[in-house]
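With mature numbering (1 follows the signal peptide of the UniProt record, and there is no 0) applied, the sequence shown corresponds to residues -17 to -1, 1 to 1104, in that order.
In what follows, a structure is listed as structure tokens, so that the remarks can point back to it.
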Amino acid sequence: MGFLLLLLVQLPGRSTGQLIQFPASPASVESVCTGVNAGIFPHPDPTLCHVYVSCTFEQPIVYQCAAGLVFDPSSLRCVPGDREQCAERNDPNWYEQCAAYSYAFFADPNVCWEFVFCSLGTVNRYTCPAGEIWSQEDGACLPGDRDTCEVYDIGNVCQGRPDGLVPHPTDCTRYLLCAGGVTTMLECLRGEVFDQTVGRCIVGNTETCESRGDMCRGVANDLQPHPNECHLFVFCSLGEASVLICPPNEIFRPDIRFCVPGNRDTCEFSPVETACVGRPPGVVPHPTSCELFLSCLNGVSTVMSCPAGTIFNPQTGVCSIGDRETCLVTEGLCEMQPDGTILEHPLRCGMFIICRGGNAEVNPCPPGEILRVDAQFCVPGNPNTCERFPIETMCEGRDGGLFLPHPTDCARFIWCQAGVANDYECDPGNIFSAPAQSCIPGNANTCTPLTGVCVNQPDGQVLPHPDRCDFFIWCTEGRPSVNPCPAGEILRPDVQFCVPGSAETCEFVPIDLMCIGQGDSTRFPHPTECALFIACQGQNAVVNTCPAGTIYNAPSRSCVPGNQDTCERFNDICVGRPDGTYSHPTICTAYINCVGGQPTFEQCGPGTIFIEQLGGCVIGNTQTCTRVDGLCVGQPDGAILAHPNECDLYIFCMSQQAAPLRCPPGEILNVQAQFCAPGNANTCQFDPVETMCQNMADGAIYPHPSECSRFVVCNGGQATVADCPAGQILHAPTQSCRPGNTATCEFLDGVCSNRPDGWVIEHPNLCGHFIICQGGSVSVNPCPPGEILRPDAQFCVPGDPSTCGFEPVERMCLGRPDGIIYPHPTNCQLYINCQNSQAIVTSCRPGTIFRATTQSCVAGNGDTCTFLDGTCVGRPDGVIPHPEGCALFLLCTSGTTAAFRCPEGEILHPEFLVCAAGNADDCSLAPVTTEPPIISCAEGFVFDRAMLRCIPGDRDQCPERTEPDWDQFCSGVSYAFYAHPAVCWEFVFCSLGSANRYSCPMGRPDGVIPHPEGCALFLLCTSGFTAAFRCPEGEILHPEFLVCAAGNADDCSLATVTTEPPIISVCEGRPDGNYTHPLLCYLFIHCTNGATEIRSCPKDQIFVGAIRDCAPGNQESCIPL
């Protein structure tokens, strides 16, 4: 397919001479139009520079310019020139040159903004856009100088320039962005040019580059034609211009403000015959008439006519009321407009629109006059330029007695007398009304009449004049009149009163000068605050304040109910309301009492706000008007609390009811001390100590403003700072010092509640002191000099009270008398014995720790430093595991606890609670066999099943053997149980060589008993009923505790346990649930998501592993009930 070149067909020489058809040269000319549907080209023969070729669908027509003209390829038109010099162009024979190329570009040797494109031997000539020349090196049109044919180096334009926008050197529709020395070329929107003065693209003529940024100035809403492109138009909105484009094949018609069919190249409207070609069915404006329109159907145009008095409205596509002469749609223009209103004609300044009965009529101004909109009157002017005539020529040819608006000042007017213009001025505050032929109240700056400002205003209403602060408007029967303030005064509008001020600057006179020259009875409203007023006394200004909720009323010279923020009066607030109390409109600390339609303003008590639903005042935040309830709930009688926002008030609690009270004058509440102290109620800052006692009574005591362990005593107006004893803070209400935290200022009164006498507690912030409890009371005592409290030992030891660090062991006894014993600073199993100022470290016996208060070692856990000497209280005599290790055990005897260690190589058996061979490191018992070897008794002995040993006997009389001598049998046994050989419900307990016989109770109590079928099963007895259960997987019934524990169901061996298991990690990997505590039957382990929690059963219950829950049982014997 051949290369298609689409160009605007423009007849050359349209305005430069006659076009003469030139005989074609078939061989050379026909190839010019090959592949070209439309275009105009120079003749291929360079000597025929006055001849050009017009191509239409590949058919050439050769034309020649008129005499004296030559064809200009750049502008595609005939221009003045000497055709005799055509041969000097020396154009190459492009047809011969292109014959050898299938694809190539060549620069024109004579015109640097033209180039030739060879395509498959075909010659195609092109012209670069305006402001550009052809660059053979770059193979493109680039910005350049057509006079010098030099390409602009756009890339270097921004070097050395500051960041910002700069104009393009040749094309006003483009601009350059400089950023960090780098140049970026950008294009304006269609129809815009870059204006260097404003630094941006604005509406302008894209051919002449003239900017038209002012074309929408003062225009609120209108469509205007583009300066040079007829298919564009400008939308004016609030003075801003935006370029819009007509639909394809349409151009803008200015008189109807609408796009119509037309040729964008010639800017001619389409003839009626072709206006509908290619259009969908519908209606379009007529190209020349506004009372006609075209109906399009299948591309055929039908001319339609609007009814009389109407024109075609292109916005709605229907006929509307309008003016056929100016094509202005007037329908709806006068809606809501009063009769006689003059409106500006949007197209012609020599015409105007007048509203009558809601209808708009278009009328012409008298000849030689144009409408002046602000005056709503026609004045002498040029209808073509819309410029008003100067005053000197305004009255030429006019009869006397006519008043005309001043051309520039609406507060002045021109009186024409015998053709001479006489300039007059209206009274101050008035403007000239041309229709009324008189001066009326108005704004001289905006030329706005003030005739309607007093409509619906009461008589005597004072309104500010819009441009004269020394004048005011007085309303009478709905009509305004302009009146001056007294000399030297200006109006204060919010109070409707004149006050001293400058008429030139409209600034009020300073307060201190307001009463100069005024009598003593004179009152003025405050210049800026309506809740204040000025009373003149001896020519001095005294500022007075109206009560809260009221404002100063200047006409009545008194304070009246009103809004102190907006200065609005509340005259009618009770009108139509029943008698009662109502919220104040602006403040919550006051309320309105309406009686018979008349308001009475009442003030709430200090620190309270009015709640209309309650019909009264309650405690609340007087700034945010937020109600605060329940302040004293749970507070003891006499408690003092801070008020929500007023620091010179406090809340006093009695019977859980709150009462707001005010501190003495000049004082604010010290919340920590619960006491009022000298301070500023506005800033809530306490007075400095130096001035606290000024004007205060001798002996007055106040809390220190920043340290609760100090207080201020007043004497002779002087402040003396005193300190509470160490570890105590001031209790201001009782004027005394009490134990307290000197850092947080919290009292320590309750720390000894439920504590035994003599109990020692660490002081919260003084390690060199301690608290001792006596009868529930707290007293602070110092440690001996150079000592600090060791809380876990409840004992003072050598240390530094300033750093709270303990002395190292080697220095503990320096300077100490012999025989003093201290607990070791870090190890509770050791203690320090001072001898000759030397520290002798002594160790407690295994299973015990040092108790400093008794100066002795007692049963305890050396790992946790927990005392165990009370473990056996209330327990039966016997052995229990020691929590510190399996090689230790506790022996309970008559409630007394003693700690012991098993012999070397033995540990406490967790089931039988006797020392047995085992490893103390991992608490594993020595292995035992489940199938012991069968051993025969010696001659003359038999095996006793009850005593599990060989005893003297006759083998022939085995079934008739007699009961053994239990005293003799138990003489060598310290702790064991044995079954009776003949009576199965009896057993013998050997304890330290003594024999004790017991009988089992009748029947079975509720509880767990082993199942005969296997150790993974058990029976649960409940009120004589038996139920069978299985232990969880991996557990068997513990034969002693009768609970499920980890073990092997095949050989019934329990898993190795320690007497001090790592309980903290017992839940790792276990499912959620309850598990048996390894030591104490009234405790159990609760697992949740791998976390371990030790819980306790209720009183008189123990944990039963078989049911994973607590059940009735004896917490001392661990026997279920």
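A virtual CB, placed ideally from N, CA and C, is assigned to each residue, including glycine.
All values reported here derive from a predicted model rather than from experimental measurement.
Item	Value
Straight-line gap, residue 1041 to residue 907 (C-alpha atoms, nearest Å)	In this predicted model, residue 1041 has a pLDDT of only 43, less than 50, meaning its place in the structure is not dependable; the value taken from the coordinates is given anyway. Each residue's Cα considered, the two are about 7 Å apart.
Three-way DSSP call (helix, strand, coil) for residue 1093 in this model	strand
Given 8 Å, three or more beta-carbon pairs between the region 316 to 330 and the region 287 to 295	no
Same chain, Cβ closer than 7 Å to residue 520, five either side skipped, listed in chain order	503
Spatial neighbours of residue 84 in its chain, beta-carbon cut-off 6 Å, leaving aside the 5 residues before and after	101
Chain-order list of residues whose beta-carbon lies under 7 Å from that of residue 201 (same chain, five-residue window excluded)	222
Counterpart residues of residue 648 in DSSP-defined beta bridges	Paired residues: none, contrary to the question.
Close-in-space but distant-in-sequence residues of the same chain around residue 635 (CB under 7 Å, 5 per side omitted)	623, 642, 644
Inter-residue spacing [alpha-carbon to alpha-carbon] between residue 1028 and residue 1016	10 Å
Residue 496 in three-state terms, based on DSSP	helix
Closest Cα partner of residue 185 within the set 155, 166, 165	155
Residue 446 versus 460, 794, 465, residue with shortest Cα-Cα distance	465
Boundaries of the beta strand (DSSP E) in which residue 883 is found, first to last residue	879 to 884
DSSP-derived helix/strand/coil call for residue 1074	strand
Outcome for residue 171 when other beta-carbon atoms lying within 10 angstroms are tallied against a minimum of 16	buried
Assigned secondary structure, residue 794 (DSSP; H/G/I helix, E/B strand, else coil)	helix
Burial state of residue 219 (16 or more Cβ within 10 Å)	buried
Buried/exposed call for residue 678, threshold 16 Cβ in 10 Å	exposed
Neighbour-count burial assignment, residue 387, 16 or more Cβ in a 10 Å radius	buried
8 Å Cβ cutoff, residue 511 in contact with chain B	The question asks about chain B, but that chain is absent: this structure has only one protein chain.
Short Cβ contact (8 Å threshold) for residue 16 with residue 36	yes
Pairwise C-alpha distance: residue 759 and residue 1111	The structure shown does not extend to residue 1111, since the chain is modelled only from -17 through 1104, so no value can be given for it.
Chain-order list of residues whose beta-carbon lies under 6 Å from that of residue 118 (same chain, five-residue window excluded)	125, 134
Sufficient close CB pairs (3 or more, under 8 Å) joining the region 366 to 375 to the region 420 to 428	no
DSSP state of residue 377 mapped onto helix, strand, coil	helix
Which listed residue (181, 745, 638, 836) has its alpha carbon closest to that of residue 194	181
Distance CB(residue 412)-CB(residue 438) smaller than 8 Å	no
Cβ pair residue 827, residue 812 closer than 8 Å	yes
Inter-residue spacing [alpha-carbon to alpha-carbon] between residue 995 and residue 885	34 Å
Close Cβ partners of residue 1111 (< 6 Å) along its chain, the five nearest in sequence each way excluded	Outside the shown range of the chain (-17 to 1104) lies residue 1111, about which nothing can therefore be said.
Close-in-space but distant-in-sequence residues of the same chain around residue 500 (CB under 8 Å, 5 per side omitted)	522
Top-ranked residue by Cα proximity to residue 29, from 60, 308, 93, 129	93
Span of the beta strand (DSSP E) around residue 175	175 to 178
Short Cβ contact (8 Å threshold) for residue 722 with residue 713	no
For residue 338, three-class secondary structure by DSSP	strand
Residue closest to residue 122, alpha-carbon to alpha-carbon, out of 144, 96, 88	88
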